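In terms of this note's numbering, the numbers along the sequence shown are unbroken and rise by one, the last being 516. Note that the Cβ used here is the ideal one computed from N, Cα and C, for glycine as well. As the structure is a prediction and not an experimental result, all values here were calculated from the model.
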Amino acid sequence: MQRILTILGLSFFLLACSGQPSSSELEKLVAIELKANTPQAIYNIENFKKLDGLQQDAQHYSADVSYDLVFNKGLREIADAAGQAPGGPLD
Numbered sequence: 426m427q428r429i430l431t432i433l434g435l436s437f438f439l440l441a442c443s444g445q446p447s448s449s450e451l452e453k454l455v456a457i458e459l460k461a462n463t464p465q466a467i468y469n470i471e472n473f474k475k476l477d478g479l480q481q482d483a484q485h486y487s488a489d490v491s492y493d494l495v496f497n498k499g500l501r502e503i504a505d506a507a508g509q510a511p512g513g514p515l516d
């Protein structure tokens with residue numbers, strides 16, 4: 426299993442948020458964003474932490490977060506699965 430530590434400063438603009446979002450709310454948003462760009466469940470998010478946050482105005486909140494992406498499949502397995510998908514790897 427490959428493990429990649431990714432520490433990113435991410436800005437999330439949360440609409441209609443009542444006060445500061447919790448760490449679990451931010452984790453859900455990160456998971457949604459990552460899964461929207463990844464068609465396969467190839468990783469898990471672990472050790473999610475909210476590092477800092479700033480209420481920019483009544484409707485926007487910016488947050489710095491840290492998390493680990495733990496990959497469930499190796500690169501070769503992902504490439505093999507993509508090659509066997511209908512339409513080939515570029516479909």
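Opposite residue i in the DSSP bridges: which residues?
i	result
Phe496	Tyr468
Asp489	Asp477
Thinking just about the alpha-carbon of each residue, which of the options is nearest to the one in residue i?
i	options	result
Ile467	Lys498, Ala506, Leu451	Lys498
Ile503	Gln481, Thr463, Gln480	Thr463
Ile470	Asp482, Asp477, Ala456, Ala461	Ala456
Asn472	Lys460, Gln481, Asp493, Ala506	Asp493
Leu451	Lys474, Ala461, Lys460	Lys474
Ser449	Leu479, Ser491, Ala461, Gln480	Ser491
Rounding to the nearest angstrom, what Cα-Cα distance links residue i and residue j in this structure?
i	j	result
Lys453	Arg501	28 Å
Phe496	Asp477	26 Å
Gln480	Glu458	21 Å
Ala461	Asp482	27 Å
- Message: For the stretch 443-455 against the stretch 484-494, do three or more pairs of beta-carbon atoms, one drawn from each stretch, fall closer than 8 Å, so that the two count as touching?
- Response: yes
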